[in-house]
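Okay, structure first, notes after.
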Amino acid sequence: MANREYRKKFLFIDDAYVVKTQNLERSTNPAIKRDDPVFKMDAPWDTPGDELNSLNVLYDEEEQLFKMWYGVTNRVVDWGGMVRKFAYATSTDGIHWERPILNLIENEGTKENNYFTSTDLADFVPSILIDPSEPASRRFKMIFACSDIWGFGKVNDWSKHHSALNLAYSEDGLNWDRPRNVNPILRGISDGVFMFFYDGERRKYQLFTRRVPNLPRDISLYESFDLVNWEDCGRIFVAGDERDPPTLYNIHQATVLQYEDYKLALLNTMHGHPLTERLGVFQEPPDDYPYKDQIGLIDVQLGFSTDGRQWQRAHDRTPVIPVGPAGAPDAGLIFPQSNAPIVVDGDTYIYYSGWRFGHTAWSQKKVYGEGERDLRQSAYGMLALMPEDHWVSFDAGAQEGTLLAGPWRQLPHRLYLNADAAGGSIEVEFVDGYERPLPGLGRAACIALGANGKNQEVKWRNDPRPDEVEGDYQGGVMARIHLRNAKLYSCTFALPDPDGSVRRYWTNLGWNRNIFHRSDQWDRDNNLPAEGLPPVTRGMPNY
Numbered sequence: 013m014a015n016r017e018y019r020k021k022f023l024f025i026d027d028a029y030v031v032k033t034q035n036l037e038r039s040t041n042p043a044i045k046r047d048d049p050v051f052k053m054d055a056p057w058d059t060p061g062d063e064l065n066s067l068n069v070l071y072d073e074e075e076q077l078f079k080m081w082y083g084v085t086n087r088v089v090d091w092g093g094m095v096r097k098f099a100y101a102t103s104t105d106g107i108h109w110e111r112p113i114l115n116l117i118e119n120e121g122t123k124e125n126n127y128f129t130s131t132d133l134a135d136f137v138p139s140i141l142i143d144p145s146e147p148a149s150r151r152f153k154m155i156f157a158c159s160d161i162w163g164f165g166k167v168n169d170w171s172k173h174h175s176a177l178n179l180a181y182s183e184d185g186l187n188w189d190r191p192r193n194v195n196p197i198l199r200g201i202s203d204g205v206f207m208f209f210y211d212g213e214r215r216k217y218q219l220f221t222r223r224v225p226n227l228p229r230d231i232s233l234y235e236s237f238d239l240v241n242w243e244d245c246g247r248i249f250v251a252g253d254e255r256d257p258p259t260l261y262n263i264h265q266a267t268v269l270q271y272e273d274y275k276l277a278l279l280n281t282m283h284g285h286p287l288t289e290r291l292g293v294f295q296e297p298p299d300d301y302p303y304k305d306q307i308g309l310i311d312v313q314l315g316f317s318t319d320g321r322q323w324q325r326a327h328d329r330t331p332v333i334p335v336g337p338a339g340a341p342d343a344g345l346i347f348p349q350s351n352a353p354i355v356v357d358g359d360t361y362i363y364y365s366g367w368r369f370g371h372t373a374w375s376q377k378k379v380y381g382e383g384e385r386d387l388r389q390s391a392y393g394m395l396a397l398m399p400e401d402h403w404v405s406f407d408a409g410a411q412e413g414t415l416l417a418g419p420w421r422q423l424p425h426r427l428y429l430n431a432d433a434a435g436g437s438i439e440v441e442f443v444d445g446y447e448r449p450l451p452g453l454g455r456a457a458c459i460a461l462g463a464n465g466k467n468q469e470v471k472w473r474n475d476p477r478p479d480e481v482e483g484d485y486q487g488g489v490m491a492r493i494h495l496r497n498a499k500l501y502s503c504t505f506a507l508p509d510p511d512g513s514v515r516r517y518w519t520n521l522g523w524n525r526n527i528f529h530r531s532d533q534w535d536r537d538n539n540l541p542a543e544g545l546p547p548v549t550r551g552m553p554n555y
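Our numbering puts the sequence shown at residues 13 to 555.
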């Protein structure tokens with residue numbers, strides 16, 4: 013019992029624990045893509061007219077199984093109209109997939125297939141999650157959009173591209189109940205591109221969706237406690253600022269996941285003609301046009317939030333998932349899965365649909381021509397792996413850089429870094445609130461790190477334990493980290509916790525922040541935040 017400890021990790025995606033930096037660059041890092049697709053349209057019942065589209069992938073803890081729901085598109089015309097049926101696959105490792113025979117939907121005269129919806133569902137698009145707050149009979153939840161589904165009417169055709177969003181639930185993820193007394197739950201806010209997320213800390217359902225009209229495209233947030241009554245929280249991601257190139261004025265989609273203390277958003281950033289998207293889509297630019305190689309590409313950039321309501325785009329717009337080189341399965345379009353990516357032992361599995369053509373009619377026709385109209389060869393299921401904590405790093409080159417991080421209320425028993433110092437070095441010293449090194453924990457005594465990996469323990473000569481250093485540091489302690497030719501992803505405090513009080517403090521901190529009473533306007537509901545900008549909190553919260 014006396015050896016119990018709690019490990020608290022600190023990332024540097026924002027400045028919550030950054031006091032100041034010198035000669036460091038904060039970088040967004042790309043995920044590691046598998047070169048080959050993990051999923052292809054190669055089932056015996058797949059035909060040349062079937063194209064992969066719209067992935068949902070999650071890990072079912074109860075069954076210890078990866079599960080995938082994927083769309084199969086049959087295009088009515090080369091560009092635009094399409095119909096979809098949806099199919100189901102499973103995997104034990106997330107790499108090798110099996111397609112179980114479900115015997116649910118007749119297709120081409122037989123039910124020996126893995127479909128759970130049929131082709132009479134024009135523009136059917138779902139986002140699926142496992143709901144931890146519900147009983148087993150409703151543990152799978154789906155928000156879906158469509159133009160003609162189960163008697164709800166041709167909403168798209170009538171309202172000119174506005175999709176009604178509907179609710180379904182299931183015990184097994186295959187047989188879905190659709191409550192007619194509430195559907196559709198939202199009308200006229202989406203054109204069929206959205207993501208469904210459950211914020212467990214705030215116990216709220218969230219929809220990240222494109223608002224209509226959708227040019228230029230941006231992302232809005234809607235929230236609900238009961239899946240029926242939704243609050244419009246406004247636009248949260250809008251492209252076209254000073255850090256974006258002139259071709260980037262559309263954010264096509266947002267896929268959200270919980271990672272440590274952050275909600276992270278994978279943003280489909282879409283490049284088009286700077287004057288009008290329609291021009292780039294339907295008219296191929298001349299070879300000497302300076303942006304020709306960018307027109308129609310959709311890659312994935314990073315956004316983040318600490319409270320689920322206030323969102324930012326990463327300062328560094330380097331793609332988290334860049335499009336592949338010419339001829340690659342994902343050379344043109346990348347669409348992340350329509351539900352939250354999966355965190356496995358700290359690493360994040362990001363499944364995505366990759367297309368060899370861009371978001372233009374002319375590039376699509378070229379690929380279709382090369383494949384002799386076999387659409388099975390135009391899109392693939394791909395996987396990118398983000399190593400633990402590698403989302404954002406502080407980087408130093410040959411010139412030494414310094415990060416002053418904190419302040420914290422107590423010193424750890426041990427300090428671990430997730431860093432790449434191979435070919436370089438990292439040294440750490442603990443300092444007090446006046447930046448004075450603590451006894452035995454100064455830079456001169458630190459044993460430099462020079463390796464690449466996570467859980468690298470920082471040590472000082474004579475092996476002192478930081479929390480055993482004599483002195484009164486109630487005013488706060490900080491870590492001064494010196495880097496040369498190195499990348500720092502995160503640091504972790506190992507804190508003695510014999511009675512569990514430290515664990516309770518850190519696990520409840522985010523919840524306390526979200527329910528903290530900030531309203532002093534007596535003519536408003538007292539559980540609403542005060543109007544205007546939210547307060548900036550940093551350092552050592554005391555709730």
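Cβ coordinates follow ideal geometry from the N, Cα and C atoms, glycine included.
Everything numeric in this text was worked out from a predicted model, so none of it was measured.
- Counting C-beta pairs closer than 8 angstroms gives fewer than three between the segment 414-424 and the segment 456-476, which falls short of the contact rule.
- Excluding five sequence positions before and after Gly436, the CB atoms of its chain that fall closer than 8 angstroms to its own CB belong to Ala408, Gly462, Leu495, Arg496, Asn497 and Ala498, given in chain order.
- In this structure, the straight-line span from the alpha carbon of Lys97 to that of Val514 is close to 50 angstroms.
- Exposure of Phe294 is indicated by the presence of fewer than 16 other C-beta atoms within 10 angstroms of its C-beta.
- With 16 or more other Cβ atoms from the protein chains shown falling within 10 Å of its own Cβ, Gly413 counts as buried.
- For Leu291, the uninterrupted alpha helix (DSSP H) run begins and ends at Glu289 to Phe294, by DSSP.
- In the DSSP assignment, Ser139 forms a beta bridge with Ile155.
- Here the alpha carbons of His371 and Pro399 stand approximately 29 angstroms from one another.
- In this structure, Thr59 sits away from Leu77, with a CB-CB distance that is not shorter than 8 angstroms.
- Annotation: Ile354 to Asn126 spans about 23 angstroms, alpha carbon to alpha carbon.
- With fewer than 16 other beta carbons inside 10 angstroms of its own, Asp238 counts as exposed.
- The residue among Ala277, Asp244, Asp359 and Pro297 with its C-alpha nearest the C-alpha of Ser317 is Ala277.
- Residue pairing from DSSP places Ser365 in a beta bridge opposite Phe347 and Gly393.
- Trp374: member of the alpha helix (DSSP H) spanning Ala373 to Glu382, first to last residue.
- DSSP places Val30 in the uninterrupted beta strand (DSSP E) bounded by Val30 to Gln34.
- In the displayed model, Ser145 falls within coil according to three-state DSSP, outside both helix and strand.
- Ile310 and Thr259 do not touch by the CB rule: their CB atoms are close to 11 angstroms apart, not below 8 angstroms.
- Excluding sequence positions up to five before and after Gly83, its CB lies within less than 6 angstroms of the CB of Asn65, Ser66, Arg96 and Phe98, all in the same chain and listed in chain order.
- Here Arg473 has Ala457 as same chain residues with Cβ atoms under 6 angstroms from its own Cβ, once five neighbours each way along the sequence are excluded.
- DSSP, reduced to helix, strand and coil, places Pro478 within a helical segment of the structure shown.
- With contact defined as three or more Cβ pairs closer than 8 angstroms, the segment 387-407 and the segment 359-368 are in contact.
- The three-state secondary structure of Arg38, taken from DSSP, is strand.
- Tyr485 and Pro476 have their alpha carbons spaced roughly 17 angstroms apart.
- In the DSSP assignment, Trp420 falls within the beta strand (DSSP E) that extends over Gly413 to Trp420.
- The count of Cβ pairs closer than 8 angstroms, one atom from the segment 136-153 and one from the segment 226-236, stays below three, leaving the stretches out of contact.
- Cβ contact annotation for Thr330 (same chain, cutoff 6 angstroms, sequence separation greater than five): Thr40, in chain order.
- Residue environment analysis places Pro348 among the buried positions, since at least 16 neighbouring C-beta atoms fall within 10 angstroms of its C-beta.
- Setting aside the 5 residues that flank it on each side, Glu63 is surrounded in the same chain by Thr85, Leu387, Ser390 and Ala391, each with a C-beta closer than 6 angstroms to its C-beta; the list follows chain order.
- In terms of CA proximity to Ala148, Glu183 leads the group Leu521, Val489 and Glu183.
- For Val470, the secondary structure class from DSSP, reduced to helix, strand or coil, is coil.
- Residues Leu416, Ala417, Gly418, Pro419 and Met490 of the same chain have their beta carbon placed closer than 8 angstroms to that of Val31, with the five preceding and five following residues left out of the count.
- Per DSSP, the continuous beta strand (DSSP E) segment holding Val440 begins and ends at Ser437 to Asp444.
- Among the bridge pairs identified by DSSP, Asn280 is matched with Gln265 and Val312.
- A check of alpha carbon separations from Tyr210 across Arg321, Arg190, Lys45 and Asp26 identifies Arg321 as the nearest.
- The beta carbons of Ser139 and Phe206 sit about 6 angstroms from each other, so the pair counts as a contact at 8 angstroms.
- The beta strand (DSSP E) runs of length 3 or more contained entirely in the segment 482-514 are, from start to end of the chain, 489-496 and 498-508.
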